[in-house]
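Numbering (my numbering), first residue to last: 59 to 188.
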């Protein structure tokens, strides 16, 4: 896959060639610059290992995490098992999410979008109004 130039240009300097891919909570893939994944990893790995629920979260969140390298043209390889998880066979939709990028099967992505503007408005009001 080729990382779009506008996304590649936003990668932190120095660690911009290494990306971390993990399975998303929905059927998509999450791609982090290494520096951003380290922040998430710190939170997850810092949970109390004596708590069964935390261990389950750690095990499942971190299973299948892979490190990939960007080549000079901004391309990287996604392992086949991860493409299968996200149901990606040919086309993919990349969605910038601030400190990470989601990679979706285009049809699946459309199914996860809110179609009713008033529903989106209510959700925004619920979580952004304080």
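The beta carbon of each residue, even a glycine, is placed where N, CA and C say it ideally should be. Here the structure is a predicted model, which means the values were calculated and not measured.
Residue 95 burial status per 10 Å Cβ neighbour count (16 or more: buried): Counting the other Cβ atoms within 10 Å of the Cβ of residue 95 gives 16 or more, which makes it buried.
Endpoints, the beta strand (DSSP E) within which residue 84 is located: Here residue 84 belongs to no beta strand (DSSP E), and DSSP marks it neither H nor E.
The beta strand (DSSP E) enclosing residue 161, as first and last residue numbers: 159-162
Where residue 80 falls, given that 16 or more other Cβ within 10 Å makes a residue buried: buried
Cβ neighbours of residue 106 in the same chain (closer than 8 Å, five flanking residues each side left out): 112
First and last residue of the uninterrupted beta strand (DSSP E) at residue 124: 124-127
Boundaries (first-last residue) of the beta strand (DSSP E) holding residue 153: Counting along the chain, the beta strand (DSSP E) containing residue 153 begins and ends at 151-154.
Beta-carbon proximity list for residue 145, same chain, < 7 Å, skipping 5 on both sides: 85, 163 and 166
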